[in-house]
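The numbers in this note's numbering rise by one with no breaks, and the one at position 185 of the sequence shown is 185.
Working notes for the structure below.
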Amino acid sequence: NANWVVKPNGETFKNGWIVVERGKIAGYYRRKPTGDFQKELSFKGALFPPFVNAHTHLELSKVNFSPDRFNNFFDWLLFIIGKRQTFTEEELREAFFKGIKELKRWGVAFVGDISSFGISRILSEEVGLPRVIPFLEVIGKDRDVQSLSPPVSIHSIYSVSFELIKKIARDASERGYKFQVHLGETADEELFVKGKENRFEKLVYPAIGRKRYEKVRAENVTDYLEKAGALNELTIAVHCTNLSRKELDRLMEKGASIVLCPRSNIHLKTGFPDVEHLIGYEKVGIGTDGLSTNLSLSVVEEIKVTYYRLEGRVPLRELFKLATSGGANVLGIEGYGERALFTLIMSDREIQNPFDIFLYEPLEFEILDFSEPL
Numbered sequence: 001n002a003n004w005v006v007k008p009n010g011e012t013f014k015n016g017w018i019v020v021e022r023g024k025i026a027g028y029y030r031r032k033p034t035g036d037f038q039k040e041l042s043f044k045g046a047l048f049p050p051f052v053n054a055h056t057h058l059e060l061s062k063v064n065f066s067p068d069r070f071n072n073f074f075d076w077l078l079f080i081i082g083k084r085q086t087f088t089e090e091e092l093r094e095a096f097f098k099g100i101k102e103l104k105r106w107g108v109a110f111v112g113d114i115s116s117f118g119i120s121r122i123l124s125e126e127v128g129l130p131r132v133i134p135f136l137e138v139i140g141k142d143r144d145v146q147s148l149s150p151p152v153s154i155h156s157i158y159s160v161s162f163e164l165i166k167k168i169a170r171d172a173s174e175r176g177y178k179f180q181v182h183l184g185e186t187a188d189e190e191l192f193v194k195g196k197e198n199r200f201e202k203l204v205y206p207a208i209g210r211k212r213y214e215k216v217r218a219e220n221v222t223d224y225l226e227k228a229g230a231l232n233e234l235t236i237a238v239h240c241t242n243l244s245r246k247e248l249d250r251l252m253e254k255g256a257s258i259v260l261c262p263r264s265n266i267h268l269k270t271g272f273p274d275v276e277h278l279i280g281y282e283k284v285g286i287g288t289d290g291l292s293t294n295l296s297l298s299v300v301e302e303i304k305v306t307y308y309r310l311e312g313r314v315p316l317r318e319l320f321k322l323a324t325s326g327g328a329n330v331l332g333i334e335g336y337g338e339r340a341l342f343t344l345i346m347s348d349r350e351i352q353n354p355f356d357i358f359l360y361e362p363l364e365f366e367i368l369d370f371s372e373p374l
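Structure, rendered in structure tokens:
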């Protein structure tokens with residue numbers, strides 16, 4: 001029982017009740033159900049489905065990020081390329097567990113994490129909740145993809161060769177796993193695929209001592225991905241900030257998943273995602289990106305910023321799905337909404353509407369796990 005109970009579909013129950021049997025949700029009730037129950041628990045606050053942060057970089061959690069430090073995305077990219085070379089294995093371990101602690105603090109029960117160094121993949125097995133789904137990041141011209149343990153992440157179209165993107169997409173299809181890719185985070189990606197002057201070739205490649213891998217041309221960013229056979233229901237496109245509505249429609253037509261990272265985009269001055277066009281698509285989630293581009297790993301803060309940025313044009317009831325069922329669909333979390341796992345949000349204020357709580361301050365969060373039978 002809680003002051004408010006919210007189902008994954010957004011249905012709300014004031015002073016609602018949930019019956020749990022053998023670790024699974026047996027039913028939601030507006031009044032106290034009758035029956036011979038083993039235990040009764042009451043909570044002050046709003047009880048939500050477990051929060052999902054669909055895109056993070058936990059291994060980078062010890063980077064001291066300040067939004068005003070960088071004038072643009074490319075200043076940050078050159079900084080992080082250099083910074084990545086300095087991390088010790090112990091620092092990466094510390095960063096991972098710092099991120100885990102931060103996720104728990106914000107009530108996040110599931111996380112899709114990009115593992116650049118493989119540390120997150122190893123350590124995720126030591127963590128109960130939040131459950132980490134680690135995507136091993138691939139960068140470069142070529143790799144023996146079949147030797148990698150899935151799932152994997154294609155870093156981006158400008159950092160991974162066209163041929164390697166093809167190999168990963170083919171491997172994902174053969175072995176049946178989803179793959180993440182940073183897509184349309186910057187406007188320069190369209191210039192890149194069109195063969196026009198862009199800052200990847202002008203600034204980034206000279207700094208790391210390489211040239212463009214191939215001269216593959218495409219109409220736009222999604223067309224480039226589609227030519228590589230990497231646009232389908234296994235694709236998780238992250239950011240999509242600078243994609244046209246035509247490109248977003250193509251992602252949805254192909255059944256791809258989409259993850260939005262609004263605060264990260266604001267911090268790196270890359271724009272803002274077209275949330276209004278995407279809302280209602282069942283495979284859209286929200287992510288914080290890492291603490292290398294953000295100040296917290298709170299999906300509630302992402303919802304709050306999005307709500308205010310859009311001046312309330314998308315209701316909180318719809319935005320909440322990005323951090324719950326939408327994120328679960330993106331990551332392919334089986335049985336989401338069936339297992340007795342919840343995020344409890346507590347506030348000192350009286351809660352008139354459970355979705356309004358996303359705008360309240362301060363808030364406390366707790367992950368409640370009753371999925372193991374008593």
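The C-beta atom is built at its ideal place from N, Cα and C for all residues, glycine as well.
Computed from a prediction, not measured in an experiment: that's the story for all the values here.
In terms of alpha-carbon separation, which member of the options lies closest to residue i?
i, options, result
"Ala-323", "Leu-234, Pro-206, Asn-53 and Asp-144", "Asn-53"
"Asn-329", "Tyr-28, Lys-39 and Pro-50", "Pro-50"
"Glu-90", "Gly-290, Ser-120 and Asn-72", "Ser-120"
"Val-299", "Cys-261, Leu-248, Ile-351 and Lys-14", "Cys-261"
"Thr-270", "Asp-356, Asn-3 and Cys-240", "Cys-240"
"Phe-96", "Ser-173, Leu-123 and Phe-74", "Leu-123"
"His-277", "Asp-289, Glu-301, Ser-296 and Met-252", "Met-252"
"Pro-134", "Tyr-28, Val-160, His-55 and Pro-206", "His-55"
"Lys-227", "Pro-33, Arg-170, Arg-30 and Glu-40", "Arg-170"
"Glu-219", "Lys-202, Lys-194, Leu-243 and Ile-208", "Lys-194"
"Phe-200", "Pro-362, Phe-320, Tyr-360 and Tyr-158", "Tyr-158"
"Ile-18", "Ser-325, Leu-331, Thr-88 and Gly-337", "Gly-337"
"Ser-147", "Lys-167, Gly-35, Arg-131 and Leu-234", "Lys-167"
"Arg-84", "Tyr-29, Ser-173, Asn-64 and Arg-69", "Asn-64"
"Gly-335", "Lys-32, Lys-39, Phe-110 and Ser-42", "Phe-110"
"Glu-163", "Leu-92, Ala-340 and Lys-141", "Lys-141"
"Glu-361", "Arg-131, Ile-154 and Trp-106", "Trp-106"
"Ile-208", "Gly-35, Ile-80, Gly-23 and Phe-13", "Ile-80"
"Ser-292", "Tyr-28, Phe-70 and Lys-32", "Phe-70"
"His-155", "Thr-86, Leu-225, Phe-358 and Lys-39", "Leu-225"
"Asp-36", "Val-20, Val-305 and Tyr-307", "Val-20"
"Asn-380", "Gln-180, Val-216 and Thr-186", "As shown, the chain starts at 1 and ends at 374. That puts residue 380 outside it, with no answer to give."
I'd like to know whether the C-beta atoms of residue i and residue j end up nearer to each other than 7 Å.
i, j, result
"Glu-318", "Ile-367", "no"
"Leu-316", "Phe-355", "yes"
"Glu-189", "Val-138", "no"
"His-182", "Val-145", "no"
"Leu-129", "Phe-342", "no"
"Leu-297", "Glu-126", "no"
"Gly-45", "Leu-344", "yes"
"Ser-264", "Asp-223", "no"
"Leu-363", "Gly-112", "no"
"Lys-178", "Pro-206", "no"
"Leu-268", "Trp-76", "yes"
"Ser-115", "Leu-92", "no"
"Ile-351", "Trp-4", "yes"
"Tyr-28", "Phe-13", "yes"
"Ser-399", "Arg-349", "This structure does not reach residue 399, given that the chain is present from 1 up to 374, and the question cannot be answered."
"Tyr-213", "Ser-153", "no"
"Leu-373", "Arg-131", "Going by the sequence as given, residue 373 is Pro instead of Leu. Not closer than 7 Å, so no."
"Ser-325", "Lys-283", "no"
"Lys-375", "Ser-61", "Outside the displayed range of the chain (1 to 374) lies residue 375, so it cannot be described from this structure."
Beta strand (DSSP E) containing residue i: first to last residue?
i, result
"Leu-47", "43-48"
"Asp-377", "In this structure the chain extends from 1 to 374, so residue 377 is not present and cannot be described."
"Leu-183", "179-183"
"Ala-328", "Element bounds for Ala-328: not the beta strand (DSSP E) but the alpha helix (DSSP H), 325-331."
"Lys-101", "No beta strand (DSSP E) holds Lys-101; the alpha helix (DSSP H) holding it covers 89-105."
"Lys-24", "24-29"
"Val-449", "Residue 449 cannot be examined here, being either before or after the span of the chain that is shown, 1 to 374."
By the DSSP assignment, the alpha helix (DSSP H) with residue i in it spans what residues?
i, result
"Glu-214", "From DSSP, Glu-214 is part of no alpha helix (DSSP H); its letter is neither H nor E."
"Trp-76", "73-84"
"Phe-13", "From DSSP, Phe-13 is part of no alpha helix (DSSP H) but of the beta strand (DSSP E) over 12-14."
"Glu-21", "Unbroken run through Glu-21 is the beta strand (DSSP E), 17-21; no alpha helix (DSSP H)."
"Val-160", "Segment: none, Val-160 is in no alpha helix (DSSP H) and carries neither H nor E."
Is residue i helix, strand or coil when you go by DSSP?
i, result
"Ser-124", "helix"
"Tyr-281", "coil"
"Ser-147", "helix"
"Tyr-360", "coil"
"Glu-338", "coil"
"Val-305", "helix"
"Ser-61", "coil"
"Glu-137", "strand"
"Leu-260", "strand"
"Asp-369", "strand"
"Val-152", "strand"
"Val-314", "coil"
"Leu-344", "strand"
Since residue i sits in a beta bridge, which residues does DSSP pair it with?
i, result
"Asn-53", "Val-111"
"Phe-37", "Beta-bridge pairing links Phe-37 to no other residue."
"Met-252", "Partner(s): none; Met-252 has no beta bridge."
"Thr-235", "Phe-179"
"Thr-241", "In DSSP, Thr-241 forms no bridge with anything."
"Val-132", "Val-111"
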